[in-house]
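*Asks:* Residue numbers (the numbering used here), protein chains in the order written: chain A, 1 to 592; chain B, 1001 to 1298. In this text, a Cβ means the ideal position worked out from N, Cα and C, and glycines have one as well.
Okay, here's the thing in structure tokens:
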């Protein structure tokens, strides 16, 4: 099993859970450790319950894991909910002035901080947080120096006195812990590697900047708003125009307008906003104006659970807008892939002049992961497809925007070029852009244009490689997932392996094009297949079946708003291999 | 990506003729608007490849097909959103948005309001016939109270909106009203609207000869009074414009209600666009910016 160490910090919204999380993340990544951060929170600005898990280790950490080693409850509620998660060897650091412990398991160290004695709480309302961070660093053997510089950066917008006060307070917590608490058995290791700590929304925004996005617009909607925030913060440095628009209908239409004028345009939303965008997705397809839309899935339907994750939008993407048209849909596999995928999908969307959909989810969008900074390549391959950007002596007025070609792709003239004026249209049109209803609705022309557009599907298929099997070819069980479950399934396979069950994995990144035939060919060699997804009805299982007639032996589904933990998958696989069930719905034990 | 500088050739009416002739009903007010737009572009000598004509859906929204420019025939109600994106990506081009009252004030009402407050530099021409034409005669947001239509056979019980006072409230920086039958006057308003730096709104009475039997050419002709004929009218006075906008009945003002030139346009407010249009800027981001973005995460 991967060696790892996990800290859980919980409190009411507004109590300052995020700051210790940021501080730990910086300290761990600078120590050369991998990390993964997941924040379980509610749609509330003050109050409620927020629980942040930060897990670190020398090896890649792809998910929040199964265990909490150190609990830092900032209020009684967190203590009551989460103390039971700790097992022997674990510790809980808390403010003994305001929080009473419950019954802890044997071997759990209860570390009481007499906050009012250690700090002047009339001056500093979050003194307990800073004291606890200091104490944690002592107990994990990290040393104090690492913290000092990070506090300076964390509070860089505040005056020096505030920084000094916090550093002093952390020192008090650190020293108090050194004298009074037992350190963890294994101090946190250190390596020479340095990682970038990347959030999924920031990664997709940066991926857009790398892909050459010049126009970004959005309407705020959790959990996609982080893309807008990154763009708004950095757009001027990256020469990207960023707009907040009145609604998602305006968003996608504005992006289409910019894309038609010749720039790469992107927008992001969640399921509800995407529903509003649907009609215009068809405009992108019909007028053949490429645009990339990010959907960060949250638990639906309707307003649903705005701060919780789900993989429940697949069929909305597959069926978005009416009529038949070519589209591309991809689900990033992890937070690093949130970056890498954007230039890739832009190249395909632009080559085939159709909409591209990035099917992300809250788990990745709002999670954080350590990545090798070299994967953040700001010079990726850019292929804009067949574009006419100057008249080159051909401006004689014979240009046909929707020229019928074998590939279905018609060269796209950027507006502004002499002699290439044309009309792009949501109405069915002829090769030269004339609306067929402006003459006589013409069955021959309609059929020709439908076939021209749909011929692009073959090119799209060929532009993407089929998925390949991860792990041993000959395994006892094959786990099939899509998008964000890559890491947790991978870790579950490792644990199963330790328990004597060999498992391999087929993880789907490109949903359209799916390469159904290649998938079936791979799965034919599997002994037992289980599809794992974060939704109720098995949306991917249904899709795979509709495209290929393939039916898996079993399913693991979770739709309680929280992501899978490795043991959920391990236990469900064991249950299914023993023949007890073909559908497992794991229970989420962490009450958030 | 470089767009070429036009050959020094005069723009003529023939250059602006679309690939097909309009399929509007004979006598439709929209013919007059099309002719006036073409005349305005010739008089201003703007080459057709430097013009984008963007519309939604409806009879009047078929406009881009009937004029030879870079046309976009988009979705019902969405023309202003598309046009805003287009203008931001290439602010060097002249952007005209054309459509009807249902498209602009009904389904597109939200975009209408927000495009005005953003002061996007474009001319929005609404061919206002106070009826839904292409869907064969239903009530529109500008249909008069009591008007009988297919969707209100016993008379419209909802009062109409007032596009001019709405535009004044929303912060449009050029607001005018024309009448399709007043060609010279309309052409002049279109020219002013194109030349105005900022959002220009031009509401044009463009009677529907098939479905609106109340607001006909004959009904409008004796009622319209040009604001330009009143030497005392000051179109920089917002309050005066608001007062004029409320006149409806025996006297209906047409002409330029309001103009102000002290509000920066959206593209002027955006530092990213200060060098050249977005479409001509480098695709790759500056190397030092890329380095800084990664450094932030370390």
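Closer than 6 Å by C-beta to residue 336 (chain A): which residues in its own chain qualify, once you throw out the five before and the five after it? Chain order, please.
*Replies:* Reading the first chain from its first residue, position 336 is the one you call residue 336 (chain A). These residues qualify, in order along the chain: 371, 375.
*Asks:* With a threshold of 8 Å, are at least 3 pairs of Cβ atoms found where one atom belongs to the stretch 1041-1049 of chain B and the other to the stretch 227-236 of chain A?
*Replies:* Contact between the stretch 1041-1049 of chain B and the stretch 227-236 of chain A is absent, because fewer than three Cβ pairs lie under 8 Å.
*Asks:* Where does the unbroken alpha helix (DSSP H) through residue 230 (chain A) begin, and where does it stop?
*Replies:* In the first chain, counting from the first residue as 1, residue 230 (chain A) sits at position 230. Run containing residue 230 (chain A): 225-238, per the alpha helix (DSSP H) assignment.
*Asks:* Locate the alpha helix (DSSP H) running through residue 1160 (chain B), then write down its first and last residues.
*Replies:* To locate residue 1160 (chain B), count along the second chain from 1; it is residue 160. Residue 1160 (chain B) -> no alpha helix (DSSP H), and no H or E assigned at all.
*Asks:* If you measure between the beta carbons of residue 1095 (chain B) and residue 1083 (chain B), is that distance less than 8 Å?
*Replies:* Translated into the one-based positions of the second chain, residue 1095 (chain B) becomes position 95. Translated into the one-based positions of the second chain, residue 1083 (chain B) becomes position 83. Their beta carbons are under 8 Å apart, which means residue 1095 (chain B) touches residue 1083 (chain B) by this criterion.
*Asks:* Quick check: the stretch 1170-1179 of chain B against the stretch 1257-1268 of chain B, are there 3 or more CB pairs under 8 Å?
*Replies:* Judged by Cβ distances under 8 Å, the stretch 1170-1179 of chain B makes contact with the stretch 1257-1268 of chain B, as three or more pairs qualify.
*Asks:* Give me the residue from A:51, A:32, A:27, A:571 with the minimum Cα distance to residue 9 (chain A).
*Replies:* In the first chain, residue 9 (chain A) corresponds to position 9, counting from 1. Answer by Cα proximity: A:51.
*Asks:* Could you check where the alpha helix (DSSP H) with residue 144 (chain A) kicks off and where it finishes?
*Replies:* Counting from 1 along the first chain, the entry for residue 144 (chain A) is found at position 144. Premise fails: residue 144 (chain A) is in no alpha helix (DSSP H) and is neither H nor E.
*Asks:* Cβ atoms of residue 296 (chain A) and residue 223 (chain A): under 8 Å apart, would you say?
*Replies:* For the purposes of this step, residue 223 (chain A) is taken as residue 223 along the first chain, with counting starting at 1. For the purposes of this step, residue 296 (chain A) is taken as residue 296 along the first chain, with counting starting at 1. Taking 8 Å as the Cβ cut-off, residue 223 (chain A) and residue 296 (chain A) qualify as a contacting pair.
*Asks:* Take residue 345 (chain A) and list the residues in its own chain whose beta-carbon comes closer than 7 Å to its own, dropping the five residues that flank it on each side.
*Replies:* On the first chain, position 345 is the one that residue 345 (chain A) refers to. Excluding sequence neighbours, residue 345 (chain A) sits near 292, 328, 330, 356, 358.
*Asks:* Residues of the stretch 1197-1229 of chain B in Cβ contact with chain A at a cutoff of 7 Å, in chain order, please.
*Replies:* Listed by position, the residues of the stretch 1197-1229 of chain B near chain A (Cβ gap below 7 Å) amount to none.
*Asks:* Select from B:1218, B:1160, B:1120 the residue whose C-alpha is nearest the C-alpha of residue 1200 (chain B).
*Replies:* If you number the second chain from 1, residue 1200 (chain B) lands on position 200. The candidate whose alpha carbon is nearest that of residue 1200 (chain B) is B:1120.
*Asks:* Unbroken beta strand (DSSP E) runs of length 3 or more, entirely within the stretch 1134-1219 of chain B: which are they?
*Replies:* Listed in chain order, they are 1174-1179, 1199-1205.
*Asks:* May I ask you to list, following chain order, the residues of the stretch 1117-1145 of chain B that have a beta carbon less than 8 Å from some beta carbon of chain A?
*Replies:* So nothing in the stretch comes that close.
*Asks:* Run through chain A and tell me which residues come within less than 7 Å of residue 1050 (chain B), C-beta to C-beta.
*Replies:* For this step, residue 1050 (chain B) is matched to residue 50 along the second chain. Correct list: 416.
*Asks:* Could you list which residues in chain A have their beta carbon closer than 9 Å to that of residue 1074 (chain B), in chain order?
*Replies:* Counting from one through the second chain, the residue named residue 1074 (chain B) turns up at place 74. Simply 253, 256, 257, 280, 283, 287, 424, 425, 426.
*Asks:* Can you tell me whether residue 1028 (chain B) is helix, strand or coil according to DSSP?
*Replies:* Here residue 1028 (chain B) refers to the residue found at position 28 of the second chain. In this structure, residue 1028 (chain B) counts as coil in the three-state DSSP scheme.
*Asks:* So is residue 1276 (chain B) in contact with chain A if we call contact Cβ pairs under 8 Å?
*Replies:* As a first step, residue 1276 (chain B) is located in the second chain; it is residue number 276 there, counting from the start. Not an interface residue.
*Asks:* How big is the Cα-Cα spacing for residue 503 (chain A) and residue 478 (chain A)?
*Replies:* Numbered from its first residue, the first chain carries residue 503 (chain A) at position 503. Numbered from its first residue, the first chain carries residue 478 (chain A) at position 478. When rounded, the distance between both Cα atoms is 6 Å.
*Asks:* Tell me which residues of the stretch 1011-1033 of chain B have at least one Cβ-Cβ distance to chain C shorter than 7 Å, keeping chain order.
*Replies:* Among the protein chains of the structure shown, namely A and B, there is no chain C.
*Asks:* Using a 10 Å radius around the Cβ and a threshold of 16 neighbouring Cβ atoms, would you call residue 426 (chain A) buried or exposed?
*Replies:* As a position in the first chain, residue 426 (chain A) is number 426, starting the count at 1. That one is buried.
*Asks:* Provide the residue span of the alpha helix (DSSP H) that contains residue 1235 (chain B), from first to last.
*Replies:* Working through the second chain from its first residue, we reach residue 1235 (chain B) at position 235. Counting along the chain, residue 1235 (chain B) falls outside any alpha helix (DSSP H), and DSSP gives it neither H nor E.
*Asks:* Tell me the DSSP bridge mates of residue 1256 (chain B)?
*Replies:* Position 256 of the second chain holds residue 1256 (chain B). Answer is B:1176.
*Asks:* What residues in the stretch 195-226 of chain A bring their beta carbon closer than 7 Å to a beta carbon of chain B?
*Replies:* Listed by position along the chain: 196, 197, 198, 206, 209, 212, 214, 215.
*Asks:* Cα separation between residue 1241 (chain B) and residue 1254 (chain B)?
*Replies:* Here residue 1241 (chain B) is taken as the residue at index 241 of the second chain, counted from 1. Here residue 1254 (chain B) is taken as the residue at index 254 of the second chain, counted from 1. Cα to Cα, the separation comes out at about 11 Å.
*Asks:* Is the beta carbon of residue 1102 (chain B) closer than 8 Å to that of residue 1124 (chain B)?
*Replies:* For the purposes of this step, residue 1124 (chain B) is taken as the residue at position 124 of the second chain. For the purposes of this step, residue 1102 (chain B) is taken as the residue at position 102 of the second chain. No. Outside cutoff.
*Asks:* Could you give the distance in angstroms between the alpha-carbon of residue 1208 (chain B) and the alpha-carbon of residue 1025 (chain B)?
*Replies:* Within the second chain, the letter at position 208 stands for residue 1208 (chain B). Within the second chain, the letter at position 25 stands for residue 1025 (chain B). Roughly 9 Å separates the two Cα atoms.
*Asks:* Taking the C-alpha atoms as reference points, what is the distance between residue 485 (chain A) and residue 555 (chain A)?
*Replies:* As a first step, residue 485 (chain A) is located in the first chain; it is residue number 485 there, counting from the start. As a first step, residue 555 (chain A) is located in the first chain; it is residue number 555 there, counting from the start. Taking the straight line joining both Cα atoms gives about 14 Å.
*Asks:* Between the alpha carbons of residue 181 (chain A) and residue 565 (chain A), how many angstroms are there, rounded?
*Replies:* Against the first chain, residue 181 (chain A) aligns to sequence position 181. Against the first chain, residue 565 (chain A) aligns to sequence position 565. Residue 181 (chain A) and residue 565 (chain A): Cα-Cα distance of roughly 30 Å.
*Asks:* How many angstroms separate the CA atom of residue 269 (chain A) from the CA atom of residue 351 (chain A)?
*Replies:* Numbered from 1 along the first chain, position 269 holds the residue referred to as residue 269 (chain A). Numbered from 1 along the first chain, position 351 holds the residue referred to as residue 351 (chain A). Cα to Cα, residue 269 (chain A) sits roughly 24 Å from residue 351 (chain A).
*Asks:* Where does residue 262 (chain A) fall in DSSP's three states?
*Replies:* Locating residue 262 (chain A) in the first chain gives position 262, where the first residue counts as 1. In this structure, residue 262 (chain A) counts as coil in the three-state DSSP scheme.
*Asks:* Would DSSP call residue 34 (chain A) helix, strand or coil?
*Replies:* Numbered from its first residue, the first chain carries residue 34 (chain A) at position 34. Looking at residue 34 (chain A) - three-state DSSP - the assignment turns out to be strand.
*Asks:* Could you run through the stretch 1076-1087 of chain B and flag, in chain order, every residue whose CB is less than 7 Å away from some CB of chain A?
*Replies:* Under the 7 Å Cβ criterion, the stretch 1076-1087 of chain B contributes 1078, 1081, 1082, 1083, 1084, 1085, 1086.
*Asks:* From the DSSP secondary-structure annotation, give me the bridge partner or partners of residue 425 (chain A).
*Replies:* Position 425 of the first chain, counted from the start, is the residue given in the question as residue 425 (chain A). Residue 425 (chain A) pairs with B:1073.
*Asks:* What distance in whole Å lies between the Cβ atoms of residue 34 (chain A) and residue 17 (chain A), which are believed to be in contact at a cut-off of 8 Å?
*Replies:* Within the first chain, numbered from 1, the residue matching residue 17 (chain A) stands at position 17. Within the first chain, numbered from 1, the residue matching residue 34 (chain A) stands at position 34. Actually they do not touch by this definition, with Cβ atoms about 22 Å apart.
*Asks:* Taking residue 289 (chain A) as the reference, give the member of A:396, A:234, A:198, A:401 with the closest Cα.
*Replies:* Position 289 of the first chain holds residue 289 (chain A). When each option's Cα is compared against that of residue 289 (chain A), the closest is A:401.
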